[in-house]
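Asker:
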Amino acid sequence: MSAVQEVVTPAAIEAVPKRAMTLGYGTSLIMLALLLLVPLFVKNFIIFQLTMLLIYGLAVLALNILTGGSGQFSLGQSAFYAVGAYTSAILMEHAGMNYALTLPVAGLICFGFGFLFGQPALRLSGVYLALATFALATAMPQLLKLGYFEHWTGGVQGLVVTKPDAPFGLPISQDMWLYYFTLVITIAIYIFSVNLLQSRSGRALMAIRDNEIAASAMGVDVALYKTLAFGVSAGITGIAGGLGAIAVQFVAPDAYTITLAISLFLGMVVGGVGWLPGSIVGSAFIIFVPNIAEGISKGLSGAVFGVLLFLVIFLVPHGARQVAIVAQQLMGKLKRN
Amino acid sequence: MRSKQKMRIAAFSTVIAFVTTSGAALAQKKYDTGATDAEIKIGNIMPYSGPASAYGVIGKTEAAYFTKINAEGGIKGRKINFISYDDGYSPPKAVEQARKLVESDEVLLVFNPLGTPSNSAIQKYLNSKKVPQLFVATGATKWNDPKSFPWTMGWQPSYQSEARIYAKFLMKEKPDAKIAILYQNDDFGKDYLKGLKDGLGAKASAIVAEESYETTEPTIDGHIVKLKSTGADTFISITTPKFAAQAIKKLGEIEWKPLHIVSNVSASVGSVMKPAGFENSQGILSAAYAKDGADPQWDNDPGMKKFYAFLEKYYPEANKLDGSVVFGYGVAQTMAKVIEMCGDNLTRENVMKQAASLKDFAPDTLLPGVKINTSATDFAPIEQLQMMRFKGEKWELFGDIISGELSN
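Going down the list, the protein sequences come from chains G and Y.
Heads up: the first sequence at position 2 corresponds to 570 in this note's numbering, and the numbers run straight through without jumps.
Heads up: the second sequence at position 346 corresponds to 341 in this note's numbering, and the numbers run straight through without jumps.
1) With three or more beta-carbon pairs closer than 8 Å as the criterion, would you say the stretch 174 to 182 of chain Y touches the stretch 231 to 250 of chain Y?
2) Per DSSP, which one or two residues make a beta bridge with E34/Y?
3) Which residue from S153/Y, D186/Y and A197/Y puts its Cα closest to that of D171/Y?
4) Determine the DSSP secondary structure at G217/Y, reduced to helix, strand or coil.
5) Measure how close the beta-carbons of M404/Y and F374/Y come, nearest whole angstrom, since I'm counting them as under 8 Å.
6) Can you look up S847/G in the DSSP assignment and give me helix, strand or coil?
7) Could you say which of V346/Y, A285/Y, Q241/Y and I174/Y lies nearest to G217/Y if we only look at CA atoms?
8) For E307/Y, count neighbouring Cβ atoms within 10 angstroms of its own Cβ and tell me buried if that reaches 16, exposed if not.
9) Are the CB atoms of T619/G and L746/G within a distance shorter than 7 Å?
10) Which residue or residues does DSSP assign as beta-bridge partners of D373/Y?
11) Residues of chain Y with a CB under 8 Å from the CB of D778/G: which are they?
12) Just reading off the alpha helix (DSSP H) that V333/Y is part of, what are its end residues?
13) Short of 7 Å in beta carbon distance, which residues of its chain neighbour V102/Y, apart from the five on each side in sequence? Order them along the chain.
14) Interface residues of chain G around A158/Y at Cβ under 7 Å?
15) Going by DSSP, which residues form a beta bridge with V105/Y?
16) Can you pull the chain Y neighbours of M620/G, defined as C-beta to C-beta under 8 Å?
17) Would you say D81/Y and A89/Y are within 7 Å of each other, going by their C-beta atoms?
18) Using 10 angstroms around the beta-carbon of T730/G, count the other beta-carbons present and answer buried if the total reaches 16, otherwise exposed.
19) Could you check the C-alpha separation between D32/Y and V126/Y for me, to the nearest Å?
20) Buried or exposed: R904/G, going by 16 or more other Cβ atoms within 10 Å of its Cβ?
21) Distance cutoff 7 Å, beta carbons only. Does E212/Y sit that close to anything in chain G?
22) Is it buried or exposed for E250/Y, if we count other Cβ within 10 angstroms and need 16 for buried?
23) Quick one: is R159/Y buried, meaning 16 or more other Cβ sit within 10 Å of its Cβ, or exposed?
24) Restricting to Cα atoms, I'd like to know which of G399/Y, I377/Y and L362/Y is closest to E391/Y.
25) With DSSP as the reference, label Q640/G as helix, strand or coil.
26) When burial is assigned at 16 or more other CB atoms within 10 Å of the CB, is R768/G buried or exposed?
27) Give the residues of chain Y in contact with D822/G, contact being defined as C-beta atoms less than 8 Å apart.
28) Please tell me whether A404/Y and V321/Y are closer than 7 Å, where the distance is taken between their beta carbons.
29) Under a CB-based cut-off of 7 Å, is D81/Y close to chain G?
30) Who are the neighbours of K185/Y on chain G, taking C-beta pairs under 8 Å?
31) For L622/G, which three-state DSSP category applies?
32) Can you pull the DSSP bridge partners for T415/Y?
33) DSSP beta-bridge partners for E391/Y?
34) Below 8 Å, can you find three or more Cβ-Cβ pairs linking the stretch 612 to 629 of chain G to the stretch 793 to 813 of chain G?
35) Can you tell me which of T595/G, G863/G, T754/G and I633/G puts its alpha carbon nearest to the alpha carbon of M836/G?
36) Beta strand (DSSP E) containing E420/Y: first to last residue?
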């Protein structure tokens, strides 16, 4: 992205953005097998945590498309997540809609919302865009509390959502069903995202990321692609939000504060900006590391978390992607020997 | 064939005999997950980090109280294993932690989780798992609903019942009051406002102005000036400590001297009256159900003496001016009482049954005369408060203990 970063980064990483975006065939299959099999052997509580892992993973992935793909920053993802969560919750509880059908609606509404927000955001870039989206994130919890919407949103008290049972009388627990349901959606969106970034549109996005002027000179409609990136990112975040509402069984304004947006941002950086598989690593970081920090010291959990985060950024500034590349190089060396 | 059947019957009856005899030996001892001869696991969720981290003190006080109980030999020989997790005041995190407590740590019950949003988020889960969600640390009115949520119970007086007490007081002492209200725009403020309006009933027109503020606002001065301009002569401040102190100070600055009522959550000498200035705080009214740790009038009170001794030995770094410490002590004592009442029948069902049969129980830190009473249809442990007036450097209680019981 910036000149400074390019100096730091070994040229080899940036030069093959297409391949660097995805995992190898074998690794993908191993990951898939793990995601499919692990839930069969663990407690419901762990399954729930894994479901949250996938959901936050989706949200981080969405941010990754925006930042890693088109080079736009956003600290407002929590707002899209909230809109998605509330859309699902309201449709399920007030309109009695099936939970699975609420997700595309949540995705569409968020896509529209993100696309519209992308319009004014066009005039902004870098830190200014980050600030504008930050405003969105801080405004959202208060908007959800507004008296006008209280009939639907439940105001400050939030809404309780009913957890779906497994369909067709399948003999599995609610948690396990929801996990596999989430997994299918996650994989679908992952494949969609990988293909999107490898397509013509993806190349256009990356051209904008690398140099806006050059991109427009090549005939890329900068405005359209930038807003589209916002829309797609918001749409995926909205679906993640809807899934989150179903998994947690509750939505309240205080669940979607700026802290969530920062967590997602953190997840993206830790997973590696622009490296889609890293999203799940980043998501694991934001879910499990606070628990580890709490285990080390209850009173200083925030400080311990800070230290751990600092260590990660200091030792592997490019996050999980860097680790993966080092691992790959090691493997290559072993093979040659 | 026949002999085989006989054999089977014989074997079966021996088994039954064995079960019943050992059952007789165990007659008094019944356990659910989380309780054994040696220990009882109690789960808890607190915002040790995040925007409400000031309340984390409650969890620490409770941990210290259970350490004290264990040091004194436990309850009927069973040690309390108090497992407390941080949810950062975030509902999704609270769900994760509640599930961890129930499914991974396998606690007997979840005790005193803090915050209305967090408790709302875990209520349905705990009720469907039939795990007691006891003595939640929030004043929302909805916890007293044994019909829909038989596994959830509150502890402190609800915001609505406290607000009704002020309404009752005003209608009696100042029937022609012109009331201005400042409230926090969240569940606490709104619940309270509703109680106030319900309490005033037909007199609700006495409210000439209401202003709400967000906790993110740096100062509420603008609201105060606006309220003064309405010509109100009574000011009800439904605020949390930081804002209550700001309001008191601002009132002093602009020389507005209405009848000033602050909500109980902010009736703390240490964190509100002192920072706002004692000269500005004279004559302020509030209501209380617990003793104030900073108030010298309780120095010789036997209950508070026990409380101070506890702090000295088990939680010396605690700030006794902090109302949360008094709260944590009182609620932990109530929990210990319920477990004691359970005797050797430590099933979740019996825990709820005993929690719903507290009769005139008075923890050390509650005001004299305020007693905890519950029943199968009444899941609101504390419903009484006493009015008080700030004079000099402390609160002076006056009038009778009033019950704010909701008649619904």
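Glycine included, every Cβ here is placed at the ideal spot set by N, Cα and C.
Answerer: Reading off the structure:
1) Contact holds: three or more Cβ-Cβ distances are below 8 Å.
2) Answer is K74/Y.
3) D171/Y has its Cα closest to that of A197/Y, out of S153/Y, D186/Y and A197/Y.
4) G217/Y: helix per DSSP, three-state reduction.
5) The first residue shown for chain Y is -4 and the last is 403, placing residue 404/Y beyond what the model contains.
6) Under the three-state reduction of DSSP, S847/G is assigned to helix.
7) Closest option to G217/Y, Cα to Cα, is Q241/Y.
8) Residue burial is scored here from C-beta neighbours: E307/Y has fewer than 16 other C-beta atoms within 10 angstroms and is therefore classed as exposed.
9) It is a contact, given that the beta carbons lie within the stated cut-off.
10) DSSP lists S370/Y as partners of D373/Y.
11) Against chain Y, the beta carbon of D778/G has no neighbour under 8 Å; the closest one sits roughly 36 Å away.
12) Bounds of the alpha helix (DSSP H) holding V333/Y are G318 to C337.
13) G29, K36, I37, G38, I78 and L96, listed in sequence order.
14) What A158/Y touches in chain G: nothing, since even the nearest Cβ is about 16 Å away.
15) Note: V105/Y sits in a beta bridge opposite G38/Y and Q128/Y.
16) Close partners of M620/G in chain Y (Cβ separation under 8 Å): P87 and E91.
17) Between D81/Y and A89/Y, the C-beta spacing is not below 7 Å.
18) With fewer than 16 Cβ atoms within 10 Å of its Cβ, T730/G is classed as exposed.
19) Distance between D32/Y and V126/Y, taken at the CA atoms: about 20 Å.
20) R904/G sits exposed, since fewer than 16 C-beta atoms from the chains shown fall within 10 Å of its C-beta.
21) It does not: the Cβ of E212/Y has no partner Cβ on chain G nearer than 7 Å.
22) The residue in question, E250/Y, is exposed, as its Cβ has fewer than 16 Cβ neighbours within 10 Å.
23) With 16 or more Cβ atoms within 10 Å of its Cβ, R159/Y is classed as buried.
24) Nearest C-alpha to E391/Y: L362/Y.
25) Of the three classes helix, strand and coil, the one that applies to Q640/G here is coil, per DSSP.
26) That one is exposed.
27) Within 8 Å Cβ-Cβ: Y84, S85, P86 and P112.
28) Beyond the ends of chain Y as shown, which are -4 and 403, falls residue 404/Y; an answer cannot be given.
29) Yes, contact with chain G.
30) Those within 8 Å of K185/Y in chain G are G723 and V724.
31) If DSSP states are grouped into helix, strand and coil, L622/G belongs with the helices.
32) Here chain Y comprises residues numbered -4 to 403, so residue 415/Y is not present and cannot be evaluated.
33) For E391/Y, which the question treats as bridged, DSSP gives the partners R384/Y.
34) With a cut-off of 8 Å, the stretch 793 to 813 of chain G and the stretch 612 to 629 of chain G count as touching, because enough Cβ pairs lie within range.
35) Ranking T595/G, G863/G, T754/G and I633/G by Cα distance to M836/G puts I633/G first.
36) Nothing about residue 420/Y can be reported from this structure: the residues present for chain Y run from -4 to 403 only.
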